[in-house]
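Have a look at the structure below, then the notes.
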Amino acid sequence: MKVEELMNSPVYCIHPDDSVAHARNLFLSKKVGRLVVVEGERPVGIITKTDVAMRLREAEPEWRRRPIDRIPVKLLMTGELITVDPGEDVEEAAKLMVENEIEGIPVVENDKLVGIITSTDMLSYYVSKGYDETVEEVMKKEVPVVHRYHSLNSVIEEMEEKKAKRVIVVDAENLPIGIITTSSLAFLTLVRTSGEMPEKEIKFVRKSETGGRRMYRDVHRFILVAEDVMSSPLVTVSPEEKASEAALLMRKERIGGLPVVRDGELVGLVEKMDFVKRIVERGE
Numbered sequence: 006m007k008v009e010e011l012m013n014s015p016v017y018c019i020h021p022d023d024s025v026a027h028a029r030n031l032f033l034s035k036k037v038g039r040l041v042v043v044e045g046e047r048p049v050g051i052i053t054k055t056d057v058a059m060r061l062r063e064a065e066p067e068w069r070r071r072p073i074d075r076i077p078v079k080l081l082m083t084g085e086l087i088t089v090d091p092g093e094d095v096e097e098a099a100k101l102m103v104e105n106e107i108e109g110i111p112v113v114e115n116d117k118l119v120g121i122i123t124s125t126d127m128l129s130y131y132v133s134k135g136y137d138e139t140v141e142e143v144m145k146k147e148v149p150v151v152h153r154y155h156s157l158n159s160v161i162e163e164m165e166e167k168k169a170k171r172v173i174v175v176d177a178e179n180l181p182i183g184i185i186t187t188s189s190l191a192f193l194t195l196v197r198t199s200g201e202m203p204e205k206e207i208k209f210v211r212k213s214e215t216g217g218r219r220m221y222r223d224v225h226r227f228i229l230v231a232e233d234v235m236s237s238p239l240v241t242v243s244p245e246e247k248a249s250e251a252a253l254l255m256r257k258e259r260i261g262g263l264p265v266v267r268d269g270e271l272v273g274l275v276e277k278m279d280f281v282k283r284i285v286e287r288g289e
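Going by the numbering used here, the first residue of the sequence shown is number 6, and it counts up by one from there.
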């Protein structure tokens, strides 16, 4: 199969001088994880929700304090663009994704952007190949994990250390109860661009005496923790399930990863890039 048979077209694009706020709005309204940055019809970069989540946190304070509607996309985008020709084999595009650790490749013909192929598209390709294997054969067994009461700083540090796009949140008994992704953090960290972690307000009401009416209200601010931002309940799969069924589930639910659970215990994690890697391995 050729790239042009699997790619998406038209592509959602943005200009280098457009604001990060505009990029965020496109991510939300178009339900995409990346935007190709173009000047005219020529692609010059790419920006993802992960870029927004991680790079704003790492950026220099003098401009990070600016409102996001004044931060240009060109300061966060990846400028060294990996592209593929529409006539190239899908397996070659998969190799480019694995080699460069990227999940989306602009499709370019004669310096003109004609489409984009992503790891989500690769899920459909994987299913079409009819591979007979289980989730356990595709999943990774080392799973990034955080406790429900870990701070957001701890969550982000775990993601950076493990180079992970998602972490599983566990309770006191180490049972999985939620998931946090860089995609969800992208919009959370934009709430404050000063480098401070977002906070939540909890109001405590005190009464003058037992059974009396409310007299005082105290407001306390707390740093957000993992359970405040995690997605729950979890969508999970078992290790014995067919890998193709897991791929179809991920595509249907528009999610990038599935915790693998056996008898309530977390035993692995399967992500879109795991399927891309299998396409490369099975094609060799």
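Ideal Cβ positions, reconstructed from N, Cα and C, are used throughout, including at glycine.
Straight-line gap, residue i to residue j (C-alpha atoms, nearest Å)
i       : j       : result
Glu-106 : Glu-250 : 24 Å
Pro-181 : Glu-44  : 45 Å
Met-235 : Val-242 : 18 Å
Ala-98  : Thr-83  : 18 Å
Ala-191 : Lys-7   : 33 Å
Ile-260 : Ala-231 : 19 Å
Glu-258 : Pro-15  : 22 Å
Arg-267 : Pro-244 : 7 Å
Thr-88  : Arg-75  : 29 Å
Gly-273 : His-155 : 21 Å
Val-119 : Val-112 : 6 Å
Val-140 : Val-148 : 15 Å
Ser-188 : Gly-38  : 8 Å
Leu-11  : Gly-109 : 12 Å
Arg-47  : Glu-166 : 35 Å
His-225 : Gly-135 : Any reading at His-225 must be qualified, since the residue scores a pLDDT of 47, below 50, and its modelled position is unreliable; no value is offered.
Val-150 : Lys-117 : 42 Å
Leu-271 : Asp-233 : 21 Å
Ile-19  : Asn-158 : 30 Å
Ala-248 : Asp-137 : 8 Å
Asn-13  : Thr-123 : 8 Å
Asp-126 : Leu-263 : 17 Å
Ala-177 : Glu-246 : 28 Å
Val-174 : Lys-145 : 17 Å
Val-95  : Ala-169 : 25 Å
Ser-133 : Val-41  : 27 Å
Glu-162 : Glu-276 : 20 Å
Ile-228 : Asp-23  : 31 Å
Asn-179 : Ser-237 : 15 Å
Lys-79  : Gly-269 : 44 Å
Arg-197 : Ile-121 : In this predicted model, Arg-197 has a pLDDT of only 48, less than 50, meaning its place in the structure is not dependable; the value taken from the coordinates is given anyway. Arg-197 and Ile-121: Cα-Cα distance of roughly 32 Å.
Met-59  : Leu-193 : 11 Å
Presumed contact (8 Å Cβ cut-off) between residue i and residue j, rounded CB distance
i       : j       : result
Val-160 : Val-143 : Val-160 to Val-143, Cβ: 25 Å. No contact.
Pro-77  : Pro-21  : 7 Å
Met-252 : Tyr-131 : This sequence places Ala at residue 252; Met is not what is there. So it is a contact: roughly 5 Å between Cβ atoms.
Leu-239 : Ile-185 : Going by Cβ atoms, the distance from Leu-239 to Ile-185 rounds to 11 Å, so no, they are not a contact pair.
Leu-86  : Val-49  : 7 Å
Met-255 : Leu-128 : 6 Å
C-beta neighbour in chain C for residue i, strict 8 Å
i       : result
Ile-173 : Structure shown: chain C not included; a single protein chain is present.
For residue i, the residue or residues it bridges with in DSSP
i       : result
Gly-135 : Paired residue(s): none; Gly-135 is not in a bridge.
Glu-270 : Arg-267
Thr-186 : Arg-171
Lys-117 : Glu-114
Val-89  : Val-112
Val-275 : Leu-263
Ile-122 : Ile-110
Asp-94  : Lys-7
heavy atom of the ligand NAD below 7 Å from residue i C-beta
i       : result
Glu-232 : As for the ligand NAD, it is missing from this structure, which has no ligand bound.
Problem set entry | Residue ranges of each alpha helix (DSSP H) within the stretch 143 to 174, 4 or longer | 157 to 167
For this session: Count the CB pairs spanning the stretch 264 to 282 and the stretch 91 to 107 that are closer than 8 Å, and state whether there are at least three.
Result: yes
Exercise. Are three or more beta carbon pairs between the stretch 17 to 33 and the stretch 45 to 61 nearer than 8 Å?
Worked result: The stretch 17 to 33 vs the stretch 45 to 61: in contact.
Exercise. Quick one: complete beta strand (DSSP E) runs, 3+ long, within the stretch 8 to 54?
Worked result: Counting whole runs of 3 or more residues, the stretch 8 to 54 contains the beta strand (DSSP E) stretches 39 to 44, 47 to 53.
Problem set entry | Completely contained beta strand (DSSP E) runs for the stretch 230 to 268, where each covers 3 or more residues | 262 to 267
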